[in-house]
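Number of protein chains: 2
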Amino acid sequence: MAIYSKEDIITLLQEAGLRVTHHRTSVLSFLVKQRAPVTVYEMIDSLRKKEGIDQATVYRNLTSLQEAGLIKRSDFNHGHAHYEFETGRPSHQLVCNNCETIEKIDGISIDDTVKKMLKKSKKFKRTTTHSMEIYGLCKSCA
Amino acid sequence: MAIYSKEDIITLLQEAGLRVTHHRTSVLSFLVKQRAPVTVYEMIDSLRKKEGIDQATVYRNLTSLQEAGLIKRSDFNHGHAHYEFETGRPSHQLVCNNCETIEKIDGISIDDTVKKMLKKSKKFKRTTTHSMEIYGLCKSCA
DNA sequence: AGTTTCTTGCAAATAACTCGCGTTTTTATT
DNA sequence: AATAAAAACGCGAGTTATTTGCAAGAAACT
Chain P
1 MAIYSKEDII TLLQEAGLRV THHRTSVLSF LVKQRAPVTV YEMIDSLRKK EGIDQATVYR
61 NLTSLQEAGL IKRSDFNHGH AHYEFETGRP SHQLVCNNCE TIEKIDGISI DDTVKKMLKK
121 SKKFKRTTTH SMEIYGLCKS CA
Chain L
143 MAIYSKEDII TLLQEAGLRV THHRTSVLSF LVKQRAPVTV YEMIDSLRKK EGIDQATVYR
203 NLTSLQEAGL IKRSDFNHGH AHYEFETGRP SHQLVCNNCE TIEKIDGISI DDTVKKMLKK
263 SKKFKRTTTH SMEIYGLCKS CA
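Chains as they are written, first to last, in my numbering: chain P, 1 to 142; chain L, 143 to 284.
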């Protein structure tokens, strides 16, 4: 989890071909600081309070940032989207079926498994990145 | 993919402690016949046309069937739920980031990976079943 | 600075899903 | 088979999550 300065954020946006607006920078900065995927609600709540950003703006920036490959969306079967900064590395997480606990697990590779799956696939030739979610009950809910 | 008769469906419902209503039987039968997860929209559309089932009823039955462990929900980051029959076996799928193509891949085991993840986890002791989604672009979208 | 193009705020619209309630169906019991 | 309690249903209205139209404002190019 590298540390990104404001200049780094701006560089990321420029390299992605996106305009560097104040709000877009804020949205991406916010996500860079998190250790786990956050809900859109949390982002809107925080950014609205802190800088008065409108929810439509948050949604629009999440879309543009995702299309640029800078952030990643996951739903975790909870009925609303979560976003996180796109590190480029595959992400693996344990998800609670009851509460919304999500725990990211580092140091795991499933590249071999992905290769095996692609070999068996008829509709996919290759995958960009991948993510794996394992669902169960966390200690508190079990 | 075993073949389930109407009697089998009824037995499944009874063993799960659910009432055997006409509509509930239809919803579960519908899902048993699919080879891949289907959207709620597809289910409502088909069941409304065929038997006049109301959408609220479809939703309520999906909830009760899921709570009983007979079906499984997945969102695939598309913003709406998909459901499939719960086979008890882990499921692994390739998901297109662009269109909504979902391809299930059989014959893969990631039990060792899951074990490794649980060993590293702080918040989870064990998982019931699991599912893995690998995201990329399908051949048509690539 | 001027202009083109993208972004924003606001309010209204849409999509996905849920709820209240009176009526009907299922299931347990006679 | 009749019957009563519990659960399920349809229908319309309500929520929640997300999107859109449009006029005004900010970035980026010249």
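Each residue gets a CB set at the ideal place from its N, CA and C atoms; glycine is no exception. From a predicted model like this one, the values you see are computed outputs, not experimental measurements.
What span of residues does the beta strand (DSSP E) with residue i cover, start to end?
i: L:F227; result: H224 to F227
i: L:L236; result: S233 to C238
i: L:K301; result: In the structure as shown, chain L begins at 143 and stops at 284. Residue 301 of chain L is therefore absent and cannot be evaluated.
Which residue marks the beginning of the alpha helix (DSSP H) containing residue i, and which one marks its end?
i: L:L260; result: D253 to K262
i: L:K192; result: V182 to E193
i: L:T163; result: Neither: L:T163 is in no alpha helix (DSSP H) and is coded neither H nor E.
i: P:A56; result: Q55 to E67
Give me the DSSP bridge partner(s) of residue i.
i: L:C280; result: Partner(s): none; L:C280 has no beta bridge.
i: L:E149; result: Answer is none; L:E149 lacks a bridge partner.
i: P:T128; result: The partner list for P:T128 (beta bridge, DSSP) is empty, contrary to what the question assumes.
i: P:V32; result: P:V32 pairs with nothing; no bridge assigned.
i: L:I244; result: L:V237
i: L:E157; result: L:E157 is not bridged to any residue.
Measure how close the beta-carbons of residue i and residue j come, nearest whole angstrom, since I'm counting them as under 8 Å.
i: P:Y59; j: P:R73; result: P:Y59 to P:R73, Cβ: 12 Å. No contact.
i: L:S263; j: P:I10; result: 36 Å between Cβ atoms; not a contact.
i: L:F266; j: P:C99; result: Actually they are not in contact, since the Cβ atoms of L:F266 and P:C99 sit about 12 Å apart, beyond 8 Å.
i: P:L31; j: P:F76; result: With a Cβ gap of about 16 Å, P:L31 and P:F76 do not count as contacting.
i: L:H234; j: L:N203; result: With a Cβ gap of about 27 Å, L:H234 and L:N203 do not count as contacting.
i: P:H80; j: P:Y41; result: 7 Å
i: P:L118; j: P:T129; result: About 14 Å separates the two Cβ atoms, so there is no contact after all.
i: L:F158; j: L:L212; result: In the sequence on display, residue 158 of chain L carries Ala and not Phe. At roughly 6 Å, the Cβ-Cβ gap stays under 8 Å, so L:A158 and L:L212 are in contact.
i: L:L160; j: L:S188; result: Not really, about 21 Å apart at Cβ, beyond 8 Å.
i: P:V114; j: L:I195; result: Actually they do not touch by this definition, with Cβ atoms about 39 Å apart.
i: L:I186; j: L:Q197; result: 5 Å
Assign residue i to buried or exposed, taking buried as 16 or more other Cβ atoms, counted over all protein chains shown, within 10 Å of its Cβ.
i: P:G136; result: buried
i: L:I244; result: buried
i: L:I145; result: exposed
i: P:S26; result: buried
i: L:S251; result: exposed
i: P:T21; result: exposed
i: P:C96; result: buried
i: L:S273; result: buried
i: L:T229; result: exposed
i: P:E67; result: exposed
i: L:E193; result: exposed
i: L:E149; result: exposed
Item checked: Cβ-based contacts, 9 Å cut-off: residues of the stretch 262 to 277 of chain L near chain P -> K262, S263, K264, K265, F266, K267, R268, T269, T270, T271, H272, S273, M274, E275, I276 and Y277
Item checked: Members of the stretch 56 to 70 of chain P that neighbour chain L once the beta carbon cut-off is set at 9 Å -> none
Check: Going along the stretch 165 to 178 of chain L in order, which residues come within less than 7 Å of chain P, judged by CB to CB distance?
Finding: none
Next item on the list: Compile a chain-ordered list of the residues in the stretch 97 to 109 of chain P whose CB is closer than 8 Å to at least one CB of chain L.
Entry: N97, T101, E103, I105, D106, G107 and I108
Next item on the list: Scan the stretch 70 to 83 of chain P for residues whose Cβ lies nearer than 8 Å to a Cβ of chain L and list them as they occur along the chain.
Entry: R73, S74, D75, F76, N77, H78, G79 and A81
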